[in-house]
């Protein structure tokens, strides 16, 4: 479907995470090994935090692998907290407003996976978005709906709870409409200080998700790697698929779990969708 | 806002209507004289009928004036029934799914104007779209909402009635939300046999709309014009703004009226919006 | 690198050749099996002949697999003679003017392969283009240079001779500049009546090339295939890679040879590059 | 033709110069008042310097006025030295490689104007580009040819001399080919420390060019303008057309002259093209 990367730690040029390593994210846009599709050529996006109140977002419908502007921006923008995403469209149009990451205020949101049978569940889900948020929806991607549902259900206050309730709602609406496995995927979201990454699917066979481990230990293992000398101990990278050149650096996020990164508070916890207490009305 | 052209009559190469005349539609993309904006550079679209059951549609986000592909298609596609539109975006994104004309089955639909305060009325209008049609909405343009409301309200059976009820609904929702003049614009729609063109606005000061008159008489007035020798007597062009080189050829569609063209049934009639009998519920 | 398709025969909707078959050209844009790269996502083009003096050309920098406009045009344009090409860029920019097929007057030209070390040989080759043709060069692709060299060397009079001299010139310039294997690839060119397809490389290991055989015999082998009942006996398809569903239909063009298709004159002949009699001056 | 802006001074967010003022450059993309064309919608570019050895460049073929990515970059990139350009194409294709500013190493280059009868002079000018620079030419714009000629003729050592010799060469080639007024326009170039802006045309009626005067004096005149309180005394803006809100701030660059800005070395001097001592051979 898609591939994504989330970085938190010492400020670096984006290109060091996006282009430099073997089997980099940009390389994965042409040759993904673990993805559902080898090619992720239906647009891309990066979102980065700096001293401004809101993150910057650069999104394009071109394939990432040959995009000259992405190369320029990645070579000139430095950030200690950024998201990047490459897209393989399934159903919704290839257009900027459907590219990840999505932004609302200080928040970024991206996803690798899908809402099964979107046409069947879309209207009921859109209706569950808060009316004041509804006009901000700019595209037609299933992920944007997820994001606005999560914002409706408290993302800014308690991200794990909001994501659990969002997916619970998707499963509730889907199942009552006859969809066997309504949700699939990994989700990353951040407010620019901490980031949360979720791995979950209704059928229990979720898209892959990996994170880098202890930097101090990696420094010992790979003393020749400059980047490891430069970044702080709490630097973390979370990705759909490992970068290729440091196999020992990567740990898999277990099925049905989520991680928190940032502010010295790294954790890995079990994740379970929370069905709505009162069901959303679905016509028979 | 936008400019559009609707052609019905003898099959011609699209370029003869789009590029050839002075002050052509493509020229109007750079230098509109009567439009709310001089520049209509936020994408364009053409829709044409041939022997296939559904019309072809070519839409792009590039400005029309320099688009090489539009030139190619216009120089190689022949049709006796086609729509063309150039866009000046106000609010919704510059993307193919927001470009006119919109298509559903055999129907095409385009618009020059706007729904006032779209963010305020959008959700209620979307809710009024038939559930079976809702998943086909691919973009976020106000015109696409109008189209799907019209389809919901019987466009395929009685276009003037459906448009009257659609605008009536827009006005009803808008006014209850405090919007003074909810609808503005001209609309063209067709099933490939007949076309309907509407000029209406809630404030009674509508965007301009013109149509060509009797071809037999024009032939006498302009005997040197090849195109007039070639096309049949029932050929009609309806446009936001006249082509520049045959001033005597153009009649203005009066305020609050609509015309029907095709199958020997040309008519010009008064138009009035029809408010909904039972109001759509709008939270206080 | 790239993949291409050339069709000559009974007029058909482009989509029947581009989309319909298993492992279609559009499918090959995502999943090529024989190409140097599995993904051909750096733009595409189609060129088709109709009753107009020059062929129409539609080119885009989007990946072909998700391009809505290509789908529309392929679903509404009928032709008995057309080229289609999907690109995997190597070096030159992803832009319309670098997309194949290239056109000059009635002629189309496309290529799968490369000029080795283009930066080294480019200036000398450009200088060999006829001065009157030079201003028509609109992009920076190696294939466009090949095309203009071929036009300079007599393409319109004797295509096999002109291509042989063009590649001979490329090899001559390249070798004197220290390039071991200057030319690689397959080339197709046509004037709308006949088409010529070449398979050649300086190292004798050329990109793959296939053509369909006798339609009458195929009709017997695959009686259930509608398309074979519809097309004339002299219909031919030449492709970088076979369509997947009729294995028996495809013959490989042998190494260092070329074929002519059209006007009842199908032939397969050996091909040899012709070095220039008088060398182009190359500074030491 | 085009409009451009060159900024040198205290580091600011790009958006403060590109979007903030009345009649801003982005506004001029839709509504230029002094340009040869009111609309400059055929792409744009920005180039900015930071601590990296080479400037960053972001170029796009979309109209600047609605480009979301330009807004993002302008809202997050801070620089004390940058160029911005909006394009109205005349002749060469609308593609990124034809968008200004052009870059070579540390140098940026942009232009508002044209080489008259480009097709007539192009080949001879291209031949005059140094062979080692020739392969770096990526597009087909007349301005890119100017840039590579200037690099060939010593831009990096003595910009005013190199530009004078470049335009002298253009005039020499042009006149021998029967072009009455071969050069028209304004040019800006910079190495990231100083910038040079030229106003010249063969016919002595050059495109407009303006620069801001003494900041200390402006601060007194406009005490309410925050931006003037923030920027240093040596901050300078050079533009095709003044920003609209500070009329007293702008001085016109006189016909046939050039200015230098940067490193406390602001100067305004007469400019004269320097014909080549030995003419480039032009076939009769």
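Residue numbers (this note's numbering), protein chains in the order written: chain A, 4 to 287; chain B, 4 to 287; chain C, 4 to 287; chain D, 4 to 287. All residues carry an ideal CB built from backbone N, CA and C; glycine is no exception.
> What residues of chain D sit near residue 143 of chain A, judged by a beta carbon separation below 9 Å?
Replying inline: In the first chain, the residue the question calls residue 143 of chain A occupies position 140. Those within 9 Å of residue 143 of chain A in chain D number zero; the least Cβ separation is about 17 Å.
>> Excluding the 5 residues flanking residue 278 of chain C on each side, which residues of the same chain have their C-beta closer than 6 Å to its C-beta?
In response: Here residue 278 of chain C corresponds to residue number 275 of the third chain, with the count starting at 1. Counting only Cβ-Cβ distances below 6 Å, and skipping sequence neighbours, we find 171, 175.
> Which class does residue 9 of chain B belong to by DSSP, given the choice of helix, strand or coil?
Replying inline: Against the second chain, residue 9 of chain B aligns to sequence position 6. Here residue 9 of chain B sits in strand by DSSP.
> So what does residue 260 of chain A bridge to, in DSSP terms?
Replying inline: What you label residue 260 of chain A is simply residue 257 of the first chain in a count that begins at 1. Beta-bridge pairing links residue 260 of chain A to A:202, A:273.
>> To the nearest angstrom, how far is the alpha carbon of residue 254 of chain A from that of residue 36 of chain C?
In response: By one-based count along the first chain, residue 254 of chain A stands at place 251. By one-based count along the third chain, residue 36 of chain C stands at place 33. One C-alpha to the other measures close to 33 Å.
> What are the boundary residues of the beta strand (DSSP E) that residue 81 of chain B is part of?
Replying inline: Along the second chain, one-based indexing puts residue 81 of chain B at 78. Start and end: 81 to 90.
>> I need the boundaries of the beta strand (DSSP E) containing residue 103 of chain C, first residue and last residue.
In response: Position 100 of the third chain, counted from the start, is the residue given in the question as residue 103 of chain C. Per DSSP, residue 103 of chain C belongs to no beta strand (DSSP E) and is neither H nor E.
> Of all Cβ atoms in chain D, is any one closer than 8 Å to the Cβ of residue 14 of chain B?
Replying inline: If you number the second chain from 1, residue 14 of chain B lands on position 11. Answer no: the Cβ-Cβ gap between residue 14 of chain B and chain D never drops below 8 Å.
> chain B partners of residue 100 of chain D, CB-CB under 7 Å?
Replying inline: Working through the fourth chain from its first residue, we reach residue 100 of chain D at position 97. In chain order: nothing, as chain B lies at least about 15 Å away.
> Assuming residue 50 of chain C and residue 106 of chain C make a contact with CB atoms under 8 Å, what is their CB distance in whole Å?
Replying inline: Taking the first residue of the third chain as 1, we reach residue 50 of chain C at position 47. Taking the first residue of the third chain as 1, we reach residue 106 of chain C at position 103. Right, the Cβ-Cβ distance comes to about 6 Å (below 8 Å), so this counts as a contact.
>> Rounding to the nearest angstrom, what Cα-Cα distance links residue 243 of chain C and residue 224 of chain A in this structure?
In response: Here residue 243 of chain C refers to the residue found at position 240 when the third chain is read from its first residue. Here residue 224 of chain A refers to the residue found at position 221 when the first chain is read from its first residue. So the alpha carbons of these two residues sit roughly 47 Å apart.
>> Using 8 Å for Cβ pairs, my map puts residue 162 of chain C next to residue 118 of chain C. What's the rounded Cβ distance?
In response: Reading the third chain from its first residue, position 159 is the one you call residue 162 of chain C. Reading the third chain from its first residue, position 115 is the one you call residue 118 of chain C. Incorrect: roughly 19 Å between the Cβ atoms, too far for contact.
> Interface residues of chain D around residue 55 of chain A at Cβ under 9 Å?
Replying inline: Position 52 of the first chain, counting from 1, holds the residue named residue 55 of chain A. What residue 55 of chain A touches in chain D: 16, 78, 79.
> According to DSSP, is residue 287 of chain B helix, strand or coil?
Replying inline: As a first step, residue 287 of chain B must be located in the second chain, where it is residue number 284. Caution applies to residue 287 of chain B, whose pLDDT of 46 falls short of 50 and renders its modelled position unreliable; the model cannot decide the point.
> Sorted by chain position, which residues of the same chain lie with C-beta nearer than 6 Å to residue 62 of chain B's C-beta, five sequence neighbours on each side aside?
Replying inline: Locating residue 62 of chain B in the second chain gives position 59, where the first residue counts as 1. Excluding residues within five positions, the ones whose Cβ falls inside 6 Å are 48, 99, 102.
>> Under 8 Å, Cβ to Cβ, is there at least one residue of chain A near residue 61 of chain D?
In response: Within the fourth chain, residue 61 of chain D is the residue found at index 58, counting from 1. Residue 61 of chain D counts as touching chain A.
> Any contact of the region 230 to 244 of chain B with the region 125 to 139 of chain B, i.e. 3+ C-beta pairs under 8 Å?
Replying inline: no
> Assuming residue 13 of chain A and residue 233 of chain A make a contact with CB atoms under 8 Å, what is their CB distance in whole Å?
Replying inline: Translated into the one-based positions of the first chain, residue 13 of chain A becomes position 10. Translated into the one-based positions of the first chain, residue 233 of chain A becomes position 230. Between residue 233 of chain A and residue 13 of chain A the Cβ distance is about 7 Å, and since that is below 8 Å, they are a contact.
> Is residue 72 of chain A close to chain D, meaning its C-beta is less than 8 Å from at least one C-beta of that chain?
Replying inline: Mapped onto the first chain, residue 72 of chain A falls at position 69. Chain D contact via Cβ: present.
>> For residue 33 of chain C, would you say it is in contact with chain A, using Cβ-to-Cβ distances shorter than 8 Å as the test?
In response: Counting from 1 along the third chain, the entry for residue 33 of chain C is found at position 30. Judged by the 8 Å Cβ criterion, residue 33 of chain C is in contact with chain A.
> How close, in whole Å, do the beta carbons of residue 69 of chain D and residue 188 of chain D come, if the pair is a contact with beta carbons under 8 Å?
Replying inline: Counting from 1 along the fourth chain, the entry for residue 69 of chain D is found at position 66. Counting from 1 along the fourth chain, the entry for residue 188 of chain D is found at position 185. Rounded, the Cβ-Cβ distance is 27 Å, inconsistent with contact.
> Mind checking whether residue 84 of chain A and residue 11 of chain A have CB atoms under 8 Å apart?
Replying inline: Along the first chain, one-based indexing puts residue 84 of chain A at 81. Along the first chain, one-based indexing puts residue 11 of chain A at 8. Yes. Within cutoff.
> Which value, in whole angstroms, describes the spacing of the CA atoms of residue 173 of chain D and residue 193 of chain A?
Replying inline: Walking along the fourth chain from the start, residue 173 of chain D turns up at place 170. Walking along the first chain from the start, residue 193 of chain A turns up at place 190. Each residue's alpha carbon lies about 55 Å from the other.
> Rounded C-beta distance between residue 256 of chain B and residue 221 of chain B? I'm assuming under 8 Å.
Replying inline: Looking up residue 256 of chain B in the second chain gives position 253. Looking up residue 221 of chain B in the second chain gives position 218. That pair is no contact at about 18 Å.
>> At the 8 Å Cβ level, is residue 233 of chain D part of the contact set with chain A, yes or no?
In response: For the purposes of this step, residue 233 of chain D is identified with residue 230 of the fourth chain, where counting begins at 1. Taking Cβ atoms only, chain A never reaches closer than 8 Å to residue 233 of chain D, which makes this a no.
>> Using a Cβ-Cβ cutoff of less than 6 Å, which residues in the same chain neighbour residue 158 of chain B once the five nearest sequence positions on both sides are dropped?
In response: Counted from its first residue, the second chain places residue 158 of chain B at position 155. Only 165 meet the Cβ criterion.
> By DSSP, does residue 114 of chain A sit in helix, in strand, or in coil?
Replying inline: Taking the first residue of the first chain as position 1, residue 114 of chain A is located at position 111. Strand at residue 114 of chain A.
>> Please state the DSSP three-state secondary structure of residue 177 of chain D.
In response: Position 174 of the fourth chain, counted from the first residue, corresponds to residue 177 of chain D. Residue 177 of chain D: helix per DSSP, three-state reduction.
>> Strictly under 8 Å for the Cβ-Cβ distance: is residue 183 of chain D near chain A by that measure?
In response: Taking the fourth chain and counting its residues from 1, the one referred to as residue 183 of chain D is at position 180. Residue 183 of chain D does not count as touching chain A.
> Starting from residue 186 of chain D and walking both ways along the alpha helix (DSSP H), at which residues does that stretch end?
Replying inline: One-based indexing of the fourth chain puts residue 186 of chain D at position 183. Per DSSP, residue 186 of chain D belongs to no alpha helix (DSSP H); it is in the beta strand (DSSP E), 186 to 193.
>> Measuring only the C-alpha atoms, how far is residue 31 of chain D from residue 169 of chain D?
In response: Position 28 of the fourth chain holds residue 31 of chain D. Position 166 of the fourth chain holds residue 169 of chain D. Each residue's alpha carbon lies about 29 Å from the other.
> Using a beta-carbon distance cut-off of less than 9 Å, what residues from the region 105 to 137 of chain C approach chain D?
Replying inline: 121, 122, 123, 125, 126, 129, 130, 132, 134, 137
> Between the Cα of residue 150 of chain B and the Cα atoms of B:113, B:183, B:42, B:160, which residue gives the shortest distance?
Replying inline: As a first step, residue 150 of chain B is located in the second chain; it is residue number 147 there, counting from the start. For the residues B:113, B:183, B:42, B:160, the minimum Cα distance to residue 150 of chain B belongs to B:113.
> How many whole angstroms separate the CB atoms of residue 42 of chain D and residue 33 of chain B, which I take to be in contact at a CB cut-off of 8 Å?
Replying inline: Working through the fourth chain from its first residue, we reach residue 42 of chain D at position 39. Working through the second chain from its first residue, we reach residue 33 of chain B at position 30. The pair is a contact, with the Cβ atoms about 6 Å apart (cut-off 8 Å).
>> Can you find the residues in the same chain that come closer than 8 Å, C-beta to C-beta, to residue 209 of chain B, ignoring five residues on each side of it along the sequence?
In response: As a position in the second chain, residue 209 of chain B is number 206, starting the count at 1. 116, 187, 188, 189, 202, 203, 258, 259.
> Taking 8 Å as the CB-CB limit, is residue 75 of chain D close to chain A?
Replying inline: To locate residue 75 of chain D, count along the fourth chain from 1; it is residue 72. Yes - at least one Cβ of chain A is within 8 Å of the one on residue 75 of chain D.
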